[in-house]
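A short write-up of the structure that comes next.
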Amino acid sequence: MPELRNNILTILGEDIKPGESREVNFDVANLHTSTPVNVPVIIERAKKPGPTVLFTAGIHGDEVNGVEIVRQLIAKGINKPKAGTVICIPVINVFGFINLKREFPDGRDLNRVFPGSPSGSLAARVAFKLVNEIIPFVDIILDFHTGGSGRFNAPQLRYVKDDIKLNDLAKAFNAPFVLYSKNLSKSFRTTCYKLDKPLLLFEGGKSNHIDEAVTNSGVNGSKRVLKHLGMLATHFKTSNPKKPTIFIEDSKWQRAKLSGMFKAEVPIGSYVNKRDVLGNITDPYGKFTHLVKAPNSGYIINVNESPIVYQGDALFHISARLQH
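Going letter by letter, the sequence shown gives residues 8 to 331 in our numbering.
If you want it as structure tokens, here you go:
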């Protein structure tokens with residue numbers, strides 16, 4: 008278990024004093040070839056006391072845009088605080104990341120096995136170690152994700168409505184959108200919520216893809232949060248986006264009424280009116296064209312970028328009710 012005695016952080020078997028930098032290994036199991044798997048945990052401590060912030064990504068191995076955001080925080084030195092401690096784990100599910108697969112080798116979704124078990128599946132053991140060896144020490148978590156299955160998310164934060172701590176952090180982060188959403192059973196977010204550890208979940212982009220605008224949104228939002236907490240080094244500058252955050256209380260999925268070849272015609276993040284044409288579905292033989300129209304007015308916060316869709320597939324995620 009992590010300890011803090013005489014201001015010395017003991018985590019994963021390593022002692023880290025104020026002002027020190029350390030990379031420790033979050034190891035759980037070897038590959039099937041007996042090759043060791045190292046999951047680096049990068050820890051930066053300032054001499055001045057302050058909060059401990061954890062940046063995580065790669066809970067799903069194919070969500071590389073989140074990994075890129077945390078990578079940039081480290082590469083640019085943003086993770087070196089002027090007060091407090093910053094812990095970065097760029098790739099939690101390294102087993103999935105090796106093959107760019109969402110799940111663990113046994114097919115389990117890490118984000119559905121929390122808080123884990125010391126004697127359960129490989130995914131459950133990783134979850135257990137994260138929850139018991141790192142989470143008890145941290146004060147705030149920023150967890151980075153992307154859309155899956157070819158669905159591109161506009162940069163957005165997700166958390167339970169009326170959480171005062173997360174509302175303050177979200178306002179500091181200043182993402183284009185906040186989508187209030189319930190905690191999902193056995194997720195990392197739910198476990199942290201039960202432990203009274205505020206977690207901001209960032210969604211942006213799609214799996215197996217890196218988008219510059221999404222990356223910039225995640226990096227700049229992280230800088231603003233660190234500044235809000237009095238932790239950002241003084242040589243880093245921050246600025247707020249031109250447009251304020253849009254808070255979404257309810258949203259709807261527009262699903263495909265037909266199977267076929269799909270093309271979206273509206274940019275991510277744009278506002279549409281009810282009955283506006285959002286895209287079209289055609290067959291390979293030029294026999295029909297089906298127009299996909301907006302079921303309601305709202306902001307497009309997710310677009311399916313797959314060229315082939317089946318009846319019932321999610322095409323667009325549209326805000327249905329905004330917070331005023």
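All C-beta atoms in this analysis are idealised placements derived from N, C-alpha and C, irrespective of residue type, glycine included.
For residue i, which residues of its own chain have a beta-carbon under 8 Å away from its beta-carbon, when the five flanking residues on both sides are left out?
i      : result
Ser128 : Phe111, Asp113, Arg115, Val120
Pro183 : Ala161, Pro162, Gln163, Ser224, Pro248, Lys250, Thr252, Ile253, Gly276
Thr197 : Phe121, Asn190, Leu191
Arg78  : Pro97
Ile141 : Pro9, Ile18, Leu19, Phe33, Val48, Leu61, Ile94, Ile96
Asn215 : Asp69, Val71, Leu107
Lys168 : Tyr187, Glu256
Cys199 : Ile142, Ile148, Pro205, Leu206
Considering only the alpha carbon of each residue, which of the options lies closest to residue i?
i      : options                        : result
Thr40  : Phe102, Ala90, Val71, Val46    : Phe102
Pro251 : Asp150, Gly228, Pro143, Gln261 : Gly228
Glu75  : Val133, Gly225, Arg29          : Gly225
Val299 : Ala90, Ala321, Ile81           : Ala321
Lys87  : Asn303, Ala177, Ser28          : Ser28
Pro205 : Tyr306, Gly319, Pro143         : Pro143
Val310 : Gly211, Arg328, Asn303         : Gly211
Val273 : Lys264, Leu285, Ile141         : Leu285
Leu236 : Asn287, Lys55, Pro122          : Lys55
Trp260 : Val48, Gly319, Ile288          : Gly319
Thr63  : Pro47, Met268, Leu173, Arg52   : Pro47
Leu38  : Thr198, Lys83, Ala220, Asn106  : Asn106
Glu30  : Thr17, Ala36, Leu191           : Thr17
Leu176 : Leu207, Phe159, Phe151         : Leu207
Leu173 : Ile148, His152, Glu312         : Ile148
Met268 : Phe195, Val316, His216         : Val316
Asp290 : Pro314, Lys108, Val71, His152  : Pro314
Leu80  : Glu312, Ile23, Thr222, Val185  : Thr222
Arg158 : Gly123, Arg262, Gly57, Val167  : Arg262
Lys213 : Glu312, Gly57, Pro43           : Glu312
Phe209 : Ala220, Val185, Thr42, Val133  : Val185
Please go through the same chain and pick out, in chain order, the residues whose beta-carbon is closer than 6 Å to the beta-carbon of residue i, but skip the five residues on each side of it.
i      : result
Ile94  : Ile50, Leu61
Val98  : Gly65, Val74, Phe104
Val145 : Thr59, Leu61
Ala125 : This sequence places Pro at residue 125; Ala is not what is there. Counting only Cβ-Cβ distances below 6 Å, and skipping sequence neighbours, we find Phe135.
Pro25  : Asn14, Arg52, Lys54
Gly57  : Ala90, Gly91, Met238
Ala271 : Gly286, Val310
Val133 : Val35
Starting from the C-beta of residue i, find all residues in its chain whose C-beta is less than 7 Å away, skip the five residues before and the five after it, and write them out in chain order.
i      : result
Asn45  : Asn32, Asp34
Leu265 : Ile288, His297, Gln318
Arg231 : Ala179, Phe180, Asn181, Thr245
Leu329 : Ile253, Phe254, Ile255, Glu256
Lys193 : Arg119, Val120, Phe121
Asp283 : Lys300, Ala301
According to DSSP, what are the bridge partners of residue i?
i      : result
Phe184 : Gln163, Ile253
Phe144 : Looking at the DSSP assignment, Phe144 forms no beta bridge with any residue, so it has no partner.
His297 : Ile288
Ser326 : Ser258
Thr59  : Thr92
Glu21  : Ile18
Lys213 : Gly154
Ile49  : Glu30, Cys95
Gly305 : Val279
Ile315 : Met268
Leu176 : In the DSSP output, where bridge partners are listed per residue, Leu176 has none listed.
Leu207 : Leu149
Ala321 : Arg262
Val310 : Phe159, Phe323
Using the Cα positions of residue i and residue j, report the straight-line distance between them to the nearest angstrom.
i      : j      : result
Lys201 : Tyr187 : 18 Å
His331 : Asp218 : 30 Å
Met8   : Leu19  : Below a pLDDT of 50, predicted positions are generally treated as unreliable, and Met8, at 47, falls in that range; the measurement from the model is reported next regardless. Answer to the nearest angstrom: the Cα atoms are 8 Å apart.
Ile325 : Arg165 : 15 Å
Ala240 : Lys234 : 8 Å
Ala131 : His67  : 14 Å
Leu117 : Asn100 : 8 Å
Gly154 : Gly91  : 32 Å
Ala179 : Thr245 : 11 Å
Ala301 : Ser156 : 22 Å
Asn139 : Phe243 : 33 Å
Glu256 : Asn303 : 15 Å
Tyr21  : Ile15  : Position check: residue 21 holds Glu in this sequence, whereas Tyr was assumed. Approximately 10 Å between the Cα atoms of the pair.
Trp323 : Lys136 : Note that residue 323 is Phe in the sequence shown, not Trp. Straight-line Cα distance between these residues: approximately 37 Å.
Ile307 : Val279 : 7 Å
Arg109 : Glu70  : 7 Å
Lys83  : Lys89  : 15 Å
Phe151 : Phe195 : 12 Å
Gly305 : Ala327 : 6 Å
Ile171 : Lys281 : 33 Å
Gln85  : Ile23  : Note on identity: in this sequence residue 85 is Ile, with Gln being the wrong assignment. Approximately 19 Å, taken between the alpha carbons.
Lys294 : Ala36  : 54 Å
Ser258 : Thr42  : 45 Å
Asp203 : Ala220 : 32 Å
| Start-end ranges of the alpha helix (DSSP H) lying completely within the segment 236 to 282, minimum 4 residues | none
| message | Threshold first: 3 residues or longer. Then list the beta strand (DSSP E) segments lying entirely within the segment 67 to 152, N to C. | response | 92 to 96
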